[in-house]
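> This is the structure, below, for whatever I ask next.
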Amino acid sequence: MRTGEPLPALGDVLAALGTGVWHWDTATGEVTVDAVAAGLLGLPAEPVTLTEAQVRARLHPVDWNEITGVVQLAVAEATLAEVRIRIMDDQNNVVRVVRSRSKPSYEPERKAYVLTGTLQEVTEPTPGTPAARSAVTGDWRRSREAFLLDAGRALAEARSTQEVLRVAANLSMPGFTPDGLAVFGVEGDRLTIIGHHGHEPGAESPFYMPLDTDYPATEVVRTGRAVYISSPEEYKARYPLTWPLAQRFGRQSWAFLPLTVSGRTMGTWLAAFAYPVAFTPDERSVLTTVARMLAQALSRAGTAETEKELTEGLQRTMMPKLGPGIPGMDVTARYVPTGGGLQVGGDWYDVIPLPGGVSGTTSGGGRFALVIGDVQGHDVRAAGLMGQLRIALRAYASEGHRPDAVLSRASRFLHGIGEDPAELRFATCLYAEVDPATGVLEVARAGHPEPVIRMTDGTVLTRPTEGGLPLGIDPDADYPTTRLILEPGETLLICTDGLIETGGHDLDTGWQRLREILERHNGTQEELADALVQAVHGPSSHHTTGPLADRREDDIALLLLTRQGAACGCGAEDTAPLSVRRTVLTVAQAEPERVSVARQQLRELLHDWDSPDQVDSAVLLLSEVLTNVLVHTDSDALLLAEVTDGGDGRRIRIEVTDSGDDLPHPRRPGELASSGRGLLLIELLAHTWGVAPRGRGKSIWFELYEQKNGDGPG
């Protein structure tokens, strides 16, 4: 170029120097490269816009991670970002090494990095030479910091010993990378191998040796100081007795570093190199830092695995086996511990054979009891109290006591355990005595969530049951019993509040979440139990991805009981309509508030009724009949509501029985009268109704036929 002539275009100059240009915007995830940069990446030499995934596929995975760390450091220090990058082909072979220099910037409003830089091929130095021990980019400190940042993050995220070893095996140190790794541990007075990489199978057997052996790894354990060996000759001279153990692997340099936690050397980390390494101060600094991080990661993983083993052992001890099965019944149970601490808590379940069955088993068709409960707290004391309370309940049940007596004795027992009033704990519990032959359940409840019934058509109803205070609060508390009937094909669900309220839900929204699973599930009972747990712990429970531990805020215990068989109503001999669903409820004179419970039960029973007006009419008539019993008699009211389908459409029959002698009769109330309209409403809104004497007492019933247009009768 002559003086006075215009300078050539910048792109022409860079192309002449073999330097490519690239631009990367992390917000869009696109990388734009010119023709030279594309050629260096192993692509056709023409400008192109690539995705991050396409670029990453051309780079060594370790180098890609290094780029992330270097960029963050460069932005923080307001300097250039320089990295060495290995370009890979489709066979995962390194085809060239390039150097990238860029000036990154960070845009907070977009939360994105924007980089524009150059790409230039460099000559790969010979391993073991001084050039190889320096960063290709000439920025050793930044490469080292980026590597340590990535290594620390990976080791911190490792949750088990095997994951820690896998991370250690994949570490690529800046300028020098070992091709053989081993982690030694100490058991008593012997050195053992925890894991290795880069050795043939069976290589760990020679490493099981006494700590007084003349071997580098044992010397590190004894002294707590690292041992660096730069050549085979040095190894042979310093450790002649154990040199044959290392000779057969063909390595040229070795670094044995102590794994120290809280001032105690717990083992040794071996990094072996296939080429000579001088172990400069910078290299020793990197190795020492990695060894410290590796020791911390192994210690955390070991503690977690010990806690997990303790937890699983405690669970196996505390939780019963369901046995060989119960004729006519299917029982499924699940227990999921909380994710914090030792992962133990106070939730438990039990299946107890009662007197009259086969001793020691639930087989033989005898009666049995289902128990589920939750001791206050999520610690070892809660787990211990849970074990004691479970044994006490089993003992009281085996003595033949009724459900109310079992819970009363258990409450007195739990109240008497604590000597210090400040350490008193309470427990919620539900105890259900089951007769497999009839499906009758006698239920007593101590502050526990109420049971749920899934009917044969998928309808889910919460069964209101009498209840008392949680166990341990009042030693003289009473626990009334409620009788339920489990029809063939129906499923009973009882659970602890961890299944309901986990994930920020209350009792109402939590039950709604479970109701959807119960109503639409079509698989086996085992699959249903898994689906219920997954509804709470899985990603769908909080609309983000993540491990199950994200929702382990509380223990979960659940029991599913299904009565086998269901009448189909489809045979030639079947003349009666098929009973689809039924609910039974008692309203006592002293409990008028249960009228609202009855109304809610009826609405749940008619949740899929076609006409909302008919549902409102049924609820209104039920309120009238129940109120009439409470006002005009001295007896309790028994409600039976049953939905049937005879093939020509569904109908709801509601029957209220009481022990009063006076039969109701229609009246003509005055315009200002506040009562006397009950039978008039029934006659107006019901399709058919009647009053039937019942020996001692009477029964008032009415029926509504489902209508698609929602019109009333007539």
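In this note's numbering, the protein residues as written are 467 to 1180.
In this text, a Cβ means the ideal position worked out from N, Cα and C, and glycines have one as well.
Have a look at Val549 and Ile533 and give me their C-alpha separation to the nearest angstrom.
Answer to the nearest angstrom: the Cα atoms are 7 angstroms apart.
> For Arg704, tell me which candidate among Gly716, Glu908, Pro724 and Tyr681 has the shortest Cα-Cα distance.
It is Tyr681.
> The beta strand (DSSP E) that contains Thr498, what's its start and end?
Start and end: Glu496 to Val499.
> Looking at the structure shown, is Leu1148 part of a helix, part of a strand, or coil, going by DSSP?
Rather than Leu, the amino acid found at residue 1148 in this sequence is Ile. Ile1148 falls in the helix class under three-state DSSP.
> Measure the alpha-carbon distance for Val743 versus Ala737 and round it to whole angstroms.
For Val743 and Ala737, the distance between alpha carbons rounds to 11 angstroms.
> For Gln586, which three-state DSSP category applies?
In this structure, Gln586 counts as strand in the three-state DSSP scheme.
> What residue from Tyr945, Leu764, Lys569 and Leu1051 has the CA that sits closest to Leu1106's CA?
That would be Leu1051, whose Cα lies nearest to the Cα of Leu1106.
> Alpha carbon to alpha carbon, what distance is there between Met921 and Phe613?
Whole-angstrom Cα-Cα distance: 60 angstroms.
> Nearest-angstrom Cα distance between Glu982 and Ala1064?
Rounded to whole angstroms, Glu982 to Ala1064 spans 22 angstroms at the Cα level.
> Using C-beta distances below 6 angstroms, list every residue in its chain close to Gly866, excluding the 5 sequence neighbours before and after it, in chain order.
Here the set comprises Pro821.
> So, are the CB atoms of Asp940 and Ser864 less than 8 angstroms apart?
In this structure, Ser864 does not lie closer than 8 angstroms to Asp940 by Cβ.
> For Trp1167, report the span of its beta strand (DSSP E) as first-last.
From DSSP, the beta strand (DSSP E) with Trp1167 extends over Lys1164 to Tyr1171.
> Going by the CB atoms, is the gap between Ala683 and Ala1204 shorter than 8 angstroms?
Only positions 467 to 1180 of the chain appear in this structure, which leaves residue 1204 out of reach.
> Between the C-alpha atoms of Val561 and Met759, what's the straight-line distance to the nearest angstrom?
Distance between the alpha carbons of Val561 and Met759: 33 angstroms.
> What are the start and end residues of the beta strand (DSSP E) that includes Pro869?
No beta strand (DSSP E) holds Pro869; the alpha helix (DSSP H) holding it covers Pro869 to Ile883.
> With distance defined between alpha-carbon atoms, name the residue in Leu776, Ala493, Leu890 and Phe834 nearest to Val841.
Ranking Leu776, Ala493, Leu890 and Phe834 by Cα distance to Val841 puts Leu890 first.
> In angstroms, rounded to a whole number, what distance separates the CA positions of Asp1127 and Ser1101?
C-alpha separation (whole angstroms): 10 angstroms.
> Is the region 917–934 touching the region 952–968, taking contact as three or more C-beta pairs under 8 angstroms?
Touching, yes.
> Is the region 1150–1165 in contact with the region 1083–1091, if contact means three or more CB pairs nearer than 8 angstroms?
Short answer: they touch.
> My understanding is that Leu980 touches Leu994, with C-beta atoms under 8 angstroms, so please give their C-beta distance in whole angstroms.
Going by Cβ atoms, the distance from Leu980 to Leu994 rounds to 11 angstroms, so no, they are not a contact pair.
> Out of Gly970, Arg856 and Leu581, which has the shortest C-alpha to C-alpha gap to Gly812?
The option with the nearest alpha carbon to Gly812 is Arg856.
> Just confirm the distance between the C-beta atoms of Asp1124 and Gly1163, as a whole number of angstroms; I'd bet it's less than 8 angstroms.
Contact flag correct, Cβ pair sits at about 6 angstroms.
> Quick one: what's His489 bridged to in DSSP?
BP columns for His489 point to Thr498 and Thr582.
> Out of Pro527, Glu587 and Tyr572, which one is the CA nearest neighbour of Val580?
It is Tyr572 whose Cα lies nearest to the Cα of Val580.
> Using only the alpha-carbon positions, how far apart do Phe1168 and Thr947 sit?
Taking the straight line from one Cα to the other gives about 29 angstroms.
> Starting from Leu998 and walking both ways along the alpha helix (DSSP H), at which residues does that stretch end?
Where Leu998 is concerned, the enclosing alpha helix (DSSP H) stretches over Gln991 to His1003.
> Would you tell me roughly how many angstroms separate the C-alpha atoms of Leu525 and Ala635, rounded to the nearest one?
Computed Cα separation, rounded: 19 angstroms.
> DSSP three-state label for Pro821, please.
Three-state result, Pro821: strand.
> Reducing DSSP to helix, strand and coil, say where Gly1126 ends up.
In the structure shown, Gly1126 sits in coil (DSSP, three-state: anything other than H, G, I, E or B).
> Since Ala503 and Leu585 are thought to touch, with beta carbons under 8 angstroms apart, how far apart are those beta carbons, to the nearest angstrom?
At roughly 5 angstroms, the Cβ-Cβ gap stays under 8 angstroms, so Ala503 and Leu585 are in contact.
> Measuring CA to CA, which of Arg656, Leu725, Val528 and Arg625 is closest to Leu677?
Among Arg656, Leu725, Val528 and Arg625, the Cα nearest to that of Leu677 is on Arg656.
> Just to confirm, are Asp616 and Asn531 a CB contact at a threshold of 8 angstroms?
Taking 8 angstroms as the Cβ cut-off, Asp616 and Asn531 qualify as a contacting pair.
> I'd like to know whether the C-beta atoms of Arg1047 and Thr904 end up nearer to each other than 8 angstroms.
No, the Cβ-Cβ distance between Arg1047 and Thr904 is not below 8 angstroms.
> Take Tyr741 as the anchor and find which of Gly716, Ser765 and Arg750 has the nearest alpha-carbon.
Out of Gly716, Ser765 and Arg750, Gly716 has the C-alpha closest to the C-alpha of Tyr741.
> Please classify Trp709: does DSSP put it in a helix, a strand, or coil?
DSSP places Trp709 in helix when its eight states are reduced to three.
> First and last residue of the alpha helix (DSSP H) that includes Tyr862?
Start and end: Val846 to Ser864.
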